[in-house]
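Trainee: The structure follows.
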Amino acid sequence: MITVKDLHKSFGKNNVLNGIDVEISKGEVVVVIGPSGSGKSTFLRCLNLLEMPTGGQIIVNNQDITEKKVNIDKVREKMGMVFQQFNLFPHKKVCQNITHAPIKVRGLKPDAAKQLAVDLLKKVGLLEKIDAYPSSLSGGQQQRIAIARALAMQPEVMLFDEPTSALDPEMVGEVLAVMKDLAKEGMTMVVVTHEMGFAREVGDRILFIDQGKILEQNSPEEFFKNPKHPRTIDFLSKVL
Amino acid sequence: MTHLNFSFIGQYYQFFLIGTYYTIVLAAAAVVLGSILGVVLTLLRRSRFKIIKLLGDIYVEFVRGTPLLAQVYIIYIGVPMLFNGSDIPDLVVGIIALSLNAAAYISETIRSGIEAVSRGQMEAARSLGMNQRIAMFDIILPQAFKNILPALGNQFIGSIKDSSIVSVIGIAELMYKTTIVRGNTALGIEPILVASLIYLVLTFSLARVLAVVERRLKQSDHR
């Protein structure tokens, strides 16, 4: 579904990604881990071109999205993204946060969009917050709304950029639970996270990125039981 | 101490009424047109095309760096020259001058407001498939607007006071009329005091209205 070939990204002289090759198939949950500053967030942000790659190809459904002529808005419609800082729209109520893009981008009728918001809020367990403003919600609630908002565009793949890193510890679980449900439903997911428990339990495959390269990738059992690369072993010894 | 003499008001109150009317027309036009032009100017200055951005920047620097009085004269004399000396009503010239001036300041205010909205907002909007225009108008500008409302309020109040400048080209706004009353009555300060009181009523009323709007917009911050 997504094929990344020799992906490079540099900010000025700073080379963040140094040739990433990876294939992500439909329905797969790929968990990306690595030390901070390793380029894992940049990799994720390149996938929907929030960062423009400086080299390489990203092929989504047989289309190289790094080409100039590609309508990136169309590509992004099909790729939901969840941010570390939630980024809910503070001037809109929860309902409008979810319905705005479906109405303006997908051309949904307001009634249909509202129904969609209701369904999605039920799914993330926050229907009672439909008329609340984001500022009145806890971090965990905001992040669950952010997931619902991304799902409202009916994406084919969901990108998660450290979705629980800005949360108080007691709120991490509720967000991971929503993500787990999503994985069970067969959503294709790419998740950058420090939650090793989630990686082990929900991931189909782990990518270990350091210094802008994939140093190791494997199934969660193998990855955590028998890490091979010395950097992986070192990293795991620190976080586990 | 000499006594102040306000007995002229009975005879001259219509001068003040007409002057106030034109002051309100000038200020309202400057605020509305200045805001529209200010948004356009801001978007030009955020253009990908360097030359457009540069022209926008030069415009703002020119307006900020020269006196409004000079700008009024430039437009008063310059615009008719552009149109081969055809006659443009003075009121229109005044509105153009005040609007163009306000636009530059409003653009600066909007720019600071946009920059204060976190980058994540634009990223979230774009990642949902909104194009640059929808993201800007529906997500970024409403938040920027809320940030800058107090500064914008100052600008609007400034527009009321700035409108007095166009008295120099003979527009019959409040200060122009006040000058006539002073000449006719040979009173130095009393007509000025009356005019000042009228300005104060106008600016204070506007400030109250803006305070209400601000409170409304703050709704999403609480509960």
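Line by line, the protein sequences give chains A and B. Residue numbering for the first sequence follows our numbering, beginning at 6 and increasing consecutively. Residue numbering for the second sequence follows our numbering, beginning at 39 and increasing consecutively. Backbone N, C-alpha and C define an ideal beta-carbon position, used for all residues, glycine too.
With DSSP collapsed to three states, give me the class of residue 13(A).
Mentor: Start at 1 with the first residue of the first sequence, and residue 13(A) comes out as number 8. Here residue 13(A) carries a strand assignment [DSSP, helix/strand/coil].
Trainee: State the Cα-Cα distance for the pair residue 148(B) and residue 51(B), rounded to the nearest angstrom.
Mentor: Against the second sequence, residue 148(B) aligns to sequence position 110. Against the second sequence, residue 51(B) aligns to sequence position 13. Roughly 39 Å between the two C-alpha positions.
Trainee: List, in order along the chain, the chain A residues whose C-beta lies closer than 9 Å to that of residue 181(B)?
Mentor: One-based indexing of the second sequence puts residue 181(B) at position 143. Within chain A, the residues near residue 181(B) are 94, 95 and 96.
Trainee: For residue 194(A), which residues does DSSP report across the bridge?
Mentor: Start at 1 with the first residue of the first sequence, and residue 194(A) comes out as number 189. For residue 194(A), which the question treats as bridged, DSSP gives the partners 34(A) and 163(A).
Trainee: Apply the 10 Å Cβ neighbour rule to residue 232(A) and answer buried if 16 or more other Cβ atoms are within range, or exposed otherwise.
Mentor: By one-based count along the first sequence, residue 232(A) stands at place 227. Buried.
Trainee: Quick one: grab the DSSP three-state call for residue 213(A).
Mentor: On the first sequence, position 208 is the one that residue 213(A) refers to. Residue 213(A) falls in the strand class under three-state DSSP.
Trainee: Going by CA-CA distance only, name the one from 88(B), 224(B), 241(B) and 211(B) that's closest to residue 54(B).
Mentor: In the second sequence, the residue the question calls residue 54(B) occupies position 16. The shortest C-alpha separation from residue 54(B) is found at 211(B).
Trainee: Determine which residues of the region 161-189 of chain B have a Cβ less than 7 Å from any Cβ of chain A, and write them out in chain order.
Mentor: 161, 162, 164, 165, 166, 167, 168, 169, 172, 176, 177, 180, 181 and 184
Trainee: Start and end of the beta strand (DSSP E) containing residue 85(A)?
Mentor: Sequence index remark: in the first sequence, residue 85(A) carries index 80 (1-based). Its beta strand (DSSP E) spans residues 84-87.
Trainee: So the alpha helix (DSSP H) residue 236(B) belongs to, where does it begin and stop?
Mentor: As a position in the second sequence, residue 236(B) is number 198, starting the count at 1. 228-255 is the extent of the alpha helix (DSSP H) around residue 236(B).
Trainee: How many angstroms separate the CA atom of residue 194(B) from the CA atom of residue 162(A)?
Mentor: Numbered from its first residue, the second sequence carries residue 194(B) at position 156. Numbered from its first residue, the first sequence carries residue 162(A) at position 157. In a straight line, the C-alpha of residue 194(B) is about 48 Å away from that of residue 162(A).
Trainee: From residue 86(A) to residue 107(A), what does the alpha carbon distance come to, in whole angstroms?
Mentor: For the purposes of this step, residue 86(A) is taken as residue 81 along the first sequence, with counting starting at 1. For the purposes of this step, residue 107(A) is taken as residue 102 along the first sequence, with counting starting at 1. Approximately 15 Å between the Cα atoms of the pair.
Trainee: For residue 49(A), report the span of its alpha helix (DSSP H) as first-last.
Mentor: Numbered from 1 along the first sequence, position 44 holds the residue referred to as residue 49(A). Residues 45-52.
Trainee: Leaving aside the five residues before and after residue 261(B) along the sequence, list all residues of the same chain whose C-beta is less than 7 Å from its C-beta, in chain order.
Mentor: As a first step, residue 261(B) must be located in the second sequence, where it is residue number 223. Only weak support exists for where residue 261(B) lies, its pLDDT of 48 falling under 50; the value from the coordinates is given anyway. Nothing meets the Cβ criterion.
Trainee: Any idea if residue 186(B) is buried or exposed, counting beta-carbon neighbours within 10 angstroms, 16 or more meaning buried?
Mentor: The residue you call residue 186(B) lines up with position 148 of the second sequence. Buried, since its Cβ has 16 or more Cβ neighbours within 10 Å.
Trainee: Between residue 200(B) and residue 139(B), how many whole angstroms is the CB-CB distance? I'm expecting something under 8 Å.
Mentor: What you label residue 200(B) is simply residue 162 of the second sequence in a count that begins at 1. What you label residue 139(B) is simply residue 101 of the second sequence in a count that begins at 1. With a Cβ gap of about 7 Å, residue 200(B) and residue 139(B) count as contacting.
Trainee: Give me the Cα-Cα distance between residue 77(A) and residue 70(A), rounded to the nearest whole angstrom.
Mentor: Within the first sequence, numbered from 1, the residue matching residue 77(A) stands at position 72. Within the first sequence, numbered from 1, the residue matching residue 70(A) stands at position 65. Cα to Cα, residue 77(A) sits roughly 7 Å from residue 70(A).
Trainee: Can you find at least 3 beta carbon pairs, one from the region 144-159 of chain A and one from the region 171-184 of chain A, that sit closer than 8 Å?
Mentor: Taking a cut-off of 8 Å for Cβ pairs, the region 144-159 of chain A and the region 171-184 of chain A touch, as three or more such pairs fall below it.
Trainee: List, from N- to C-terminal side, the alpha helix (DSSP H) runs of 4 residues or more that fit wholly inside the region 148-173 of chain B.
Mentor: 157-165
Trainee: Below 8 Å CB to CB, which residues in the same chain sit around residue 76(B) once its five sequence neighbours on both sides are set aside?
Mentor: For the purposes of this step, residue 76(B) is taken as the residue at position 38 of the second sequence. Same-chain partners within the cutoff: 140, 141, 142, 143, 144, 145, 147 and 148.
Trainee: On the three-state DSSP scale, how would you describe residue 261(B)?
Mentor: Here residue 261(B) refers to the residue found at position 223 when the second sequence is read from its first residue. Residue placement at residue 261(B) is flagged as unreliable, the pLDDT there being 48, under the threshold of 50; the coordinate-derived value follows with that caveat. Of the three classes helix, strand and coil, the one that applies to residue 261(B) here is coil, per DSSP.
Trainee: Checking 8 Å against the spacing of the C-beta atoms, do residue 135(B) and residue 115(B) come in under that value?
Mentor: Locating residue 135(B) in the second sequence gives position 97, where the first residue counts as 1. Locating residue 115(B) in the second sequence gives position 77, where the first residue counts as 1. Against a cut-off of 8 Å, the Cβ pair of residue 115(B) and residue 135(B) comes out as no contact.
Trainee: For the beta strand (DSSP E) containing residue 184(B), list its first residue and its last residue.
Mentor: Here the question's residue 184(B) lines up with position 146 in the second sequence. It is not in any beta strand (DSSP E) - residue 184(B) instead sits in the alpha helix (DSSP H) that spans 179-200.
Trainee: Am I right that residue 116(A) and residue 60(A) are in contact with their C-beta atoms under 8 Å? What's the rounded C-beta distance?
Mentor: As a first step, residue 116(A) is located in the first sequence; it is residue number 111 there, counting from the start. As a first step, residue 60(A) is located in the first sequence; it is residue number 55 there, counting from the start. Actually they do not touch by this definition, with Cβ atoms about 46 Å apart.
Trainee: How would you label residue 204(B), buried or exposed, when you count the other beta carbons within 10 angstroms and need 16 or more for buried?
Mentor: As a first step, residue 204(B) is located in the second sequence; it is residue number 166 there, counting from the start. It is buried - the Cβ of residue 204(B) has at least 16 other Cβ atoms within 10 Å.
Trainee: Below 8 Å between beta carbons: does that hold for residue 157(A) and residue 187(A)?
Mentor: By one-based count along the first sequence, residue 157(A) stands at place 152. By one-based count along the first sequence, residue 187(A) stands at place 182. Between residue 157(A) and residue 187(A), the gap from beta carbon to beta carbon reaches 8 Å or more.
Trainee: Nearest to residue 219(A) by CA position, among 201(A), 21(A) and 243(A), is which residue?
Mentor: In the first sequence, residue 219(A) corresponds to position 214, counting from 1. When each option's Cα is compared against that of residue 219(A), the closest is 21(A).
Trainee: Verify the CB distance criterion: does residue 78(A) have a CB-CB separation below 8 Å to chain B?
Mentor: Counting from 1 along the first sequence, the entry for residue 78(A) is found at position 73. Closer than 8 Å to some Cβ of chain B, the Cβ of residue 78(A) qualifies, so yes.
Trainee: Pick from 172(B), 66(B) and 111(B): whose alpha carbon is nearest that of residue 208(B)?
Mentor: Reading the second sequence from its first residue, position 170 is the one you call residue 208(B). Measuring from the Cα of residue 208(B), the nearest candidate turns out to be 111(B).
Trainee: For a test of your reading of the model: does the CB of residue 76(B) fall under 7 Å from any non-hydrogen atom of the ligand SAH? Yes or no.
Mentor: Ligands are entirely absent from the displayed structure, and the ligand SAH is therefore not among its contents.
Trainee: Fully enclosed by the region 61-118 of chain B, which alpha helix (DSSP H) runs are 4 residues long or longer?
Mentor: 88-103
Trainee: If you draw a straight line from the C-alpha of residue 81(B) to the C-alpha of residue 148(A), how long is it?
Mentor: Within the second sequence, numbered from 1, the residue matching residue 81(B) stands at position 43. Within the first sequence, numbered from 1, the residue matching residue 148(A) stands at position 143. Taking the Cα positions, residue 81(B) is about 32 Å away from residue 148(A).
Trainee: Straight-line CA distance for residue 176(B) to residue 228(A)?
Mentor: In the second sequence, residue 176(B) corresponds to position 138, counting from 1. In the first sequence, residue 228(A) corresponds to position 223, counting from 1. Straight-line Cα distance between these residues: approximately 45 Å.
Trainee: Would residue 103(B) count as contacting chain A if we go by Cβ distances under 8 Å?
Mentor: Position 65 of the second sequence, counting from 1, holds the residue named residue 103(B). Not an interface residue.
Trainee: Run through the DSSP bridge pairs and tell me what residue 62(A) is partnered with.
Mentor: Translated into positions along the first sequence, residue 62(A) becomes position 57. BP columns for residue 62(A) point to 10(A).
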